[in-house]
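Asker: Counting from 116, one number per residue, gives the positions in the sequence shown under the working numbering. Cβ atoms here follow ideal geometry from the backbone N, Cα and C, with glycine treated the same way. Before anything else, here's the structure in question.
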Amino acid sequence: MRVPQGAGVLSRRPGPAARPPAGPAPTERALALRRPAAQAGRRPYFTAQLTRAAALAGADLTWHSRGWVAELRRGGRHTHVVGYEFPLNDAAAAAVAADKVATCAVLAAAGVPAVGHRLLRQADGEDPAALVADLALPLVVKPLDGRGGRDVARAGTLPELTALLERLFAVHPALALSPWVPIRHEYRVVVLADRDRIVFDKARPPDGSGEWRHNLAYGAVPRLEVPAAVRARLAALAAAAARATGLTFAAVDIVDTADAGDGRDPDSTGGALAVLEVNSSVCLERFSGHGAEHARLAGQVYEDAVAAALRTPPRAGGAPPR
Ligand SMILES: Nc1ncnc2c1ncn2[C@@H]1O[C@H](COP(=O)(O)OP(=O)(O)O)[C@@H](O)[C@H]1O
Ligand SMILES: [Mg+2]
């Protein structure tokens, strides 16, 4: 079977959720502070949601680096939100989530069903033919630490895989190789302190574009209508994934797969749910743009995340909480 390549291989980082170019200059702060509208330009929802969350928490908020870094102060507590990364997760847990193979290994060890990801390092020079003999085609290749669906591509044949590895290794020293699983639904669950706060179905674009990735950046639509029984299963699985990776605040992507039925796919789950990836950064910018209810849910979860971040006591060595 010939598998069409998704658009966006080696594509540029997509739209509003993208990191602005690193801000230079000592004048940056003064400029940014003088131009709040410019700060909000790239991620208007998040800027407004965090501003409101800080105000409700009684915290002072200062934006830095073109609105990418939010500095929060309240009483003796001083912390930052960087991008969509809140000071609620420890660095090791965030590093596990950032690495698709580490995530898969940690989840499997904890007995949490996860889509398989195998490490491919350029330095190891593995033979694509041996990979294909080992794992059934089609295969999905992606940057080990990617996000937003960028450079996630499918290979349906050995020549496609060979070409793909060459192209991706030119820009990423390490990749993850995953057996392609037929996804019936892909969900995202936002978990805060073990509780599912937002659950949505990332429905593939209805425009017939042929896009197979379920990223909102590539046209998937976030649907809030998820049957209660499904939501309960998703919530339990997402909480288990967050616990296993050690994350307090996380966005967990879960796939509902149909059984490939050929017995060769080690990740075939026979229609069961499996975790595809776990994100320590909780970006809801595109999600918020899909409707008032979406924006309200995102705003609420950020309010609670800011409140929790300000409650968290300073690290050992810092001033004790009063
Ligand atoms: N093994 C796979 N089988 C089928 N589809 C996949 C597989 N891996 C990724 N995808 C699709 O590609 C999208 C992007 O892949 P993902 O692993 O989430 O990378 P990113 O972190 O860049 O979003 C997923 O949302 C999913 O729809
Ligand atoms: Mg993803």
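Would you call the region 272 to 280 and the region 313 to 331 in contact, with 3 or more CB pairs under 8 Å?
Answerer: The region 272 to 280 vs the region 313 to 331: no contact.
Asker: Going by C-alpha distance, which of L292, G414, G156 and T166 is nearest L391?
Answerer: Translated into the one-based positions of the sequence shown, residue 391 becomes position 276. Measuring from the Cα of L391, the nearest candidate turns out to be L292.
Asker: If contacts are defined as beta-carbon pairs under 8 Å, then P294 and H409 qualify, I think. What distance do you get, rounded to the angstrom?
Answerer: For the purposes of this step, residue 294 is taken as the residue at position 179 of the sequence shown. For the purposes of this step, residue 409 is taken as the residue at position 294 of the sequence shown. No, P294 and H409 are not in contact; Cβ-Cβ is about 32 Å, not under 8 Å.
Asker: With the cut-off set at 9 Å, would you say F225 and A355 are in Cβ contact?
Answerer: For the purposes of this step, residue 225 is taken as residue 110 along the sequence shown, with counting starting at 1. For the purposes of this step, residue 355 is taken as residue 240 along the sequence shown, with counting starting at 1. Note that residue 225 is Ala in the sequence shown, not Phe. Cβ atoms of A225 and A355: closer than 9 Å.
Asker: At a cut-off of 8 Å, would you count R269 as near ligand 2, judging by its Cβ distance to the nearest heavy atom?
Answerer: Reading the sequence shown from its first residue, position 154 is the one you call residue 269. Not under cutoff, so the answer is no.
Asker: Note down, in chain order, each residue of its chain lying with its Cβ closer than 6 Å to the Cβ of T427, except the 5 sequence neighbours on either side.
Answerer: Start at 1 with the first residue of the sequence shown, and residue 427 comes out as number 312. Here the set comprises nothing.
Asker: By DSSP's criteria, S293 is part of a beta bridge. Which residues make up the other side?
Answerer: Here residue 293 is taken as the residue at index 178 of the sequence shown, counted from 1. Beta-bridge pairing links S293 to V255.
Asker: Please state whether DSSP places F201 in a helix, a strand or coil.
Answerer: By one-based count along the sequence shown, residue 201 stands at place 86. Three-state DSSP puts F201 in coil, outside helix and strand.
Asker: Could you tell me which residues DSSP pairs with L307 in its beta bridges?
Answerer: For the purposes of this step, residue 307 is identified with residue 192 of the sequence shown, where counting begins at 1. Note: L307 sits in a beta bridge opposite R310 and F364.
Asker: Let me check understanding here. Comparing Cα to Cα, which of R265, P297 and V296 lies closest to L283?
Answerer: Indexing the sequence shown from 1 puts residue 283 at position 168. Nearest C-alpha to L283: R265.
Asker: Can you find a heavy atom of ligand 2 that lies under 8 Å from the Cβ of D368?
Answerer: Numbered from its first residue, the sequence shown carries residue 368 at position 253. The answer is yes for D368.
Asker: Does DSSP put L250 in a helix, in a strand, or in coil?
Answerer: Locating residue 250 in the sequence shown gives position 135, where the first residue counts as 1. Coil at L250, not helix or strand.
Asker: For W327, verify whether its CB is less than 8 Å away from any heavy atom of ligand 1.
Answerer: As a working mapping, residue 327 is identified with position 212 in the sequence shown. Under cutoff, so the answer is yes.
Asker: What I want to know is whether the C-beta of G264 ends up closer than 8 Å to one or more non-hydrogen atoms of ligand 1.
Answerer: For the purposes of this step, residue 264 is taken as the residue at position 149 of the sequence shown. Yes, since a heavy atom of ligand 1 falls inside the 8 Å radius drawn around the Cβ of G264.
Asker: What does E301 pair with, by DSSP beta-bridge criteria?
Answerer: Working through the sequence shown from its first residue, we reach residue 301 at position 186. The partner list for E301 (beta bridge, DSSP) reads V370.
Asker: For the region 393 to 411 against the region 240 to 247, do three or more pairs of beta-carbon atoms, one drawn from each stretch, fall closer than 8 Å, so that the two count as touching?
Answerer: With a cut-off of 8 Å, the region 240 to 247 and the region 393 to 411 do not count as touching, because too few Cβ pairs lie within range.
Asker: With respect to 8 Å, is the separation between the Cβ of E392 and the closest non-hydrogen atom of ligand 1 below this value?
Answerer: As a first step, residue 392 must be located in the sequence shown, where it is residue number 277. Yes, the Cβ of E392 comes within 8 Å of a heavy atom of ligand 1.
Asker: Comparing C-alpha positions only, which one of V227, A169, H193 and R157 sits nearest to V367?
Answerer: In the sequence shown, counting from the first residue as 1, residue 367 sits at position 252. Closest by alpha carbon: V227.
Asker: Indicate the three-state DSSP secondary structure (helix, strand or coil) for D239 in the structure shown.
Answerer: Here residue 239 refers to the residue found at position 124 when the sequence shown is read from its first residue. Looking at D239 - three-state DSSP - the assignment turns out to be helix.
Asker: With DSSP collapsed to three states, give me the class of P337.
Answerer: Residue numbering aside, residue 337 sits at position 222 when the sequence shown is read from its first letter. DSSP places P337 in strand when its eight states are reduced to three.
Asker: Please tell me whether, using a cut-off of 8 Å, the distance from the CB of S396 to the nearest non-hydrogen atom of ligand 1 is below it.
Answerer: Along the sequence shown, one-based indexing puts residue 396 at 281. Outside the cutoff, so no.
Asker: Under 8 Å: do the region 296 to 312 and the region 357 to 366 share three or more Cβ pairs, one atom per stretch?
Answerer: Judged by Cβ distances under 8 Å, the region 296 to 312 makes contact with the region 357 to 366, as three or more pairs qualify.
Asker: I need the boundaries of the beta strand (DSSP E) containing H405, first residue and last residue.
Answerer: Mapped onto the sequence shown, residue 405 falls at position 290. No beta strand (DSSP E) contains H405, which DSSP labels as neither H nor E.
Asker: If you drop the 5 nearest sequence neighbours on each side, which residues of the same chain put their C-beta closer than 6 Å to that of G361?
Answerer: Against the sequence shown, residue 361 aligns to sequence position 246. Result list for G361: A208, in chain order.
Asker: I'd like to check one pair, A238 with V255: are the Cβ atoms closer than 9 Å?
Answerer: The sequence position of residue 255 within the sequence shown is 140, counting from 1. The sequence position of residue 238 within the sequence shown is 123, counting from 1. No; because the gap between Cβ atoms is not below 9 Å, this pair is not in contact.
Asker: Among residues of its own chain, excluding the 5 on either side of L425, which ones have a beta-carbon nearer than 7 Å to its beta-carbon?
Answerer: Your numbering for residue 425 matches position 310 in the sequence shown. For L425, where only same-chain residues beyond five positions count, the Cβ hits under 7 Å are A172, A174, L187, R189 and R192.
Asker: Do R158 and E418 come within 9 Å of each other at the CB atom, strictly closer than that value?
Answerer: The sequence position of residue 418 within the sequence shown is 303, counting from 1. The sequence position of residue 158 within the sequence shown is 43, counting from 1. No, the Cβ-Cβ distance between E418 and R158 is not below 9 Å.
Asker: Restricting to Cα atoms, I'd like to know which of G261, R262, L234 and A353 is closest to L250.
Answerer: The sequence position of residue 250 within the sequence shown is 135, counting from 1. Among G261, R262, L234 and A353, the Cα nearest to that of L250 belongs to L234.
Asker: Using CA coordinates, which residue listed in F161, Y160, G156 and L203 is at the minimum distance from A422?
Answerer: Along the sequence shown, one-based indexing puts residue 422 at 307. Minimum Cα distance to A422 is reached at L203.
Asker: Thinking C-beta only, is A420 closer than 9 Å to F402?
Answerer: Position 287 of the sequence shown holds residue 402. Position 305 of the sequence shown holds residue 420. Taking 9 Å as the Cβ cut-off, F402 and A420 do not qualify as a contacting pair.
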